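So the structure is just underneath, and the comments pick up after that.
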Amino acid sequence: MPFSFASPEDLVLLKASLERAWATVVERHGYDPLKAPGERERLAYIVAALWQQGQSGCVAERAVEQFEVTAPTLPPTPTVKRASYTRPSRR
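So the sequence shown is numbered by the numbering used here: it starts at 9 and just counts up by one.
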């Protein structure tokens, strides 16, 4: 991906697009403080990539769509079965 310079006006628009997209992601999926920094960074890369591709208008909406489509899928958390406990009989 070639490096591009953004004008100050473009940076303002990119930041606004990122903030709108992030607000939508949090609204739809909630906020997890452990995952948020990584998710926000991934979203920022998506916004920047859309901008570099020349996408104009609705960047936030397109970024959210791409964010959701490319979200990593994790296997479900395994459940731990508890051993059944039987009280010893008194003799």
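Yeah, the Cβ is synthetic: ideal placement off N, Cα and C, and Gly gets one too. Everything numeric in this text was worked out from a predicted model, so none of it was measured.
Legend entry - Residue interval of the alpha helix (DSSP H) (run including F13): Here residue 13 refers to the residue found at position 5 when the sequence shown is read from its first residue. Neither: F13 is in no alpha helix (DSSP H) and is coded neither H nor E.
Inset, instruction - State buried or exposed for F75, treating a residue as buried only when at least 16 other CB atoms are found within 10 Å of its CB. - result: Residue numbering aside, residue 75 sits at position 67 when the sequence shown is read from its first letter. With at least 16 other beta carbons inside 10 angstroms of its own, F75 counts as buried.
Inset, instruction - Check whether the Cβ atoms of L58 and A68 sit closer than 7 Å, and answer yes or no. - result: By one-based count along the sequence shown, residue 58 stands at place 50. By one-based count along the sequence shown, residue 68 stands at place 60. No.
Inset, instruction - Tell me where the alpha helix (DSSP H) around L42 begins and ends. - result: Here residue 42 is taken as the residue at index 34 of the sequence shown, counted from 1. Segment: none, L42 is in no alpha helix (DSSP H) and carries neither H nor E.
Inset, instruction - Answer yes or no: do W30 and R50 have a C-beta to C-beta separation smaller than 7 Å? - result: As a first step, residue 30 must be located in the sequence shown, where it is residue number 22. As a first step, residue 50 must be located in the sequence shown, where it is residue number 42. Their beta carbons are not under 7 Å apart, which means W30 does not touch R50 by this criterion.
Inset, instruction - Can you grab the Cα-Cα spacing for the pair T85 / K43, in whole Å? - result: Counting from one through the sequence shown, the residue named residue 85 turns up at place 77. Counting from one through the sequence shown, the residue named residue 43 turns up at place 35. Caution applies to T85, whose pLDDT of 48 falls short of 50 and renders its modelled position unreliable; the model cannot decide the point.
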